[in-house]
Amino acid sequence: MDGANHSWVSEFVFLGLSNSWAIQILLFLFSSVLYMASLMGNLLIVFSVTADANLHSPMYFLLANLSLLDLGVCSIAAPKMIYDLFRKHKAISFGGCITQIFFIHAVGGTEMVLLMAMAFDRYVAICKPLHYLTIMSPRMCILILAVSWIIGLTHSVAQLFFVVNLPFCGPNVLDSFYCDLPQLIKLACTDTNRLEFMVTANSGLISVGSFFILVISYIFILVTVPKHSSGGLSKALATLSAHVTVVVLFFGPLIFFYTWPFPSSHLDKFLAIFDAVLTPFLNPIIYTLRNKEMKTAIWKLCYQLVIYRKIS
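Numbering (the working numbering), first residue to last: -8 to 303.
Structure (structure tokens):
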């Protein structure tokens, strides 16, 4: 059967997370609370950066865009997962599955590039403070954002190009709660060994490569700081600790999904929940807890909202 044949499968069925009623209730409460908290936390960062003139700098511009991407991350799979928890027939259309995969890889690829841009921003701020505003100009920030989205979209389209024409004529059950390439490819009615290798090479090696580039860049920053400032190491450590934590949370599940040779459905599902709802919830907390300017702007925004509500 060649790849030009049309798919016979019109929908895919998810096995979901658990058949236990008690666990489903626990997952519903856990996921719903984290999803709403993720939306509120990331929206709060976006509105705070937009409203506060003191935060109109390259670092906060990139942070606000990271929060916008996290809004996308938590909204791709989590709402349907929450909706499906108590449904017996957990299904998604073929088109819906392809759309979900497209946004997962487009947003994920964009966030990957943006995290590397944020590492570059911290390098310039810590190691070249006198040239910071010249290097990280508004034009450069817009260029970084545009390149991030172009790379993310290109990565996603390249992944899907080989998948949309695959023949799906038999099994349509996915042992997951969302669509992604590794599980979907296995259902195709053709030999997919080469395609699985390409997915690993594309997503897996890019994830591992980007992770190590970021780790090396952070090490380079820490090694370079003492040469520029005798007392700057502790400040650099405090600044970079938040970035390193976010990078580990973001890349850890991705590296496991696309490079681990012995898949475990239970561990995959746990990491998928972690990636879908917990990481977007933790990112705004990590970036605001150790940032006085961000906390001040958030409290100011909340105060203004309370005053506006009382007046209206």
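Idealized CB from N, CA, C, for every residue including glycine.
query: Which term fits G161, buried or exposed, when burial requires 16 or more other beta carbons within 10 angstroms of its beta carbon?; result: exposed
query: Rounded to whole angstroms, what's the CA-CA distance from A68 to A263? Just pull it up for me.; result: 9 Å
query: Within 10 angstroms of the Cβ of C293, are there 16 or more other Cβ atoms? Answer buried if so, exposed if not.; result: exposed
query: For V115, does the three-state DSSP call read helix, strand or coil?; result: helix
query: Taking Cβ positions, are V154 and V4 nearer each other than 7 Å?; result: no
query: Tell me the DSSP secondary structure of V154 in three-state form.; result: coil
query: Tell me whether L151 counts as near the ligand GTP, meaning its Cβ is closer than 6 Å to at least one heavy atom of that ligand.; result: Absence of the ligand GTP from the depicted structure is noted, as is the absence of any ligand whatsoever, leaving it without description.
query: If you run the structure through DSSP and keep just helix, strand and coil, what is A68?; result: coil
query: Between which two residues does the beta strand (DSSP E) holding V4 run?; result: 2 to 5
query: Hey, Q91 and Y26 are a contact pair by Cβ (cut 8 Å); roughly how many whole angstroms apart?; result: That pair is no contact at about 16 Å.
query: Determine the contact status of V199 and I246, defining contact as a CB-CB distance below 7 Å.; result: yes
query: I believe F89 touches L151 by the beta-carbon criterion, under 8 Å. Please report the beta-carbon distance rounded to the nearest angstrom.; result: Inspection of the sequence shows that residue 89 is occupied by Ile rather than by Phe. The pair is a contact, with the Cβ atoms about 7 Å apart (cut-off 8 Å).
query: On the CB-based measure, 16 or more other CB atoms within 10 Å of its CB, does V268 come out buried or exposed?; result: buried
query: So, is Y249 buried or exposed, given that buried needs 16 or more other C-beta atoms within 10 angstroms?; result: buried
query: Check the C-beta distance from L240 over to T270 and give it rounded, since I have them as a contact under 8 Å.; result: 5 Å
query: What does a CB cutoff of less than 6 Å around L62 pick up in its chain, not counting 5 residues either side in sequence?; result: N33
query: If I measure Cβ to Cβ from E2 and keep anything under 7 Å in the same chain, skipping five residues before and after, which residues do I get?; result: A82, I83, S84, F85, N163
query: Three-state secondary structure (DSSP) at A179?; result: coil
query: Just to confirm before moving on: does the CB-CB distance between F272 and S29 stay below 7 Å?; result: yes
query: Tell me which residues share the same chain as L59 and place their Cβ nearer than 8 Å to its Cβ, disregarding the 5 neighbours each side in the sequence.; result: N33, V37
query: Terminal residues of the continuous beta strand (DSSP E) containing A44?; result: Neither: A44 is in no beta strand (DSSP E) and is coded neither H nor E.
query: Could you compute how far the alpha carbon of T145 sits from the alpha carbon of Y51?; result: 26 Å
query: Please work out which residues of its chain come closer than 6 Å, Cβ to Cβ, to Y123, disregarding the five sequence neighbours upstream and downstream, and give them in chain order.; result: V115, A116
query: For Q15, collect the residues of the same chain with a Cβ closer than 8 Å to its Cβ; drop the 5 residues on either side in sequence, then sort them by chain order.; result: L8, S9, L76, F77
query: L134 by DSSP, collapsed to three states: which one?; result: helix
query: Report all residues from its chain with a CB closer than 7 Å to the CB of L205; omit the five preceding and five following residues, and keep chain order.; result: L106, M107, A110, V238
query: So if DSSP puts L18 in a beta bridge, which residue, or which two residues, is it bridged to?; result: Partner(s): none; L18 has no beta bridge.
query: If you draw a straight line from the C-alpha of T287 to the C-alpha of I277, how long is it?; result: 15 Å
query: DSSP three-state call for S84: helix, strand or coil?; result: strand
query: Under a Cβ-count criterion, where at least 16 other Cβ atoms within 10 Å of its own Cβ denotes burial, should V24 be classed as buried or exposed?; result: exposed
query: I'd like the list of long-range same chain contacts for E102, defined as Cβ closer than 6 Å, with 5 residues on each side in sequence excluded.; result: L60
query: When DSSP labels each residue in this structure, what does L76 get in the three-state scheme?; result: coil
query: Can P244 and D266 be called in contact, C-beta distance under 7 Å?; result: yes
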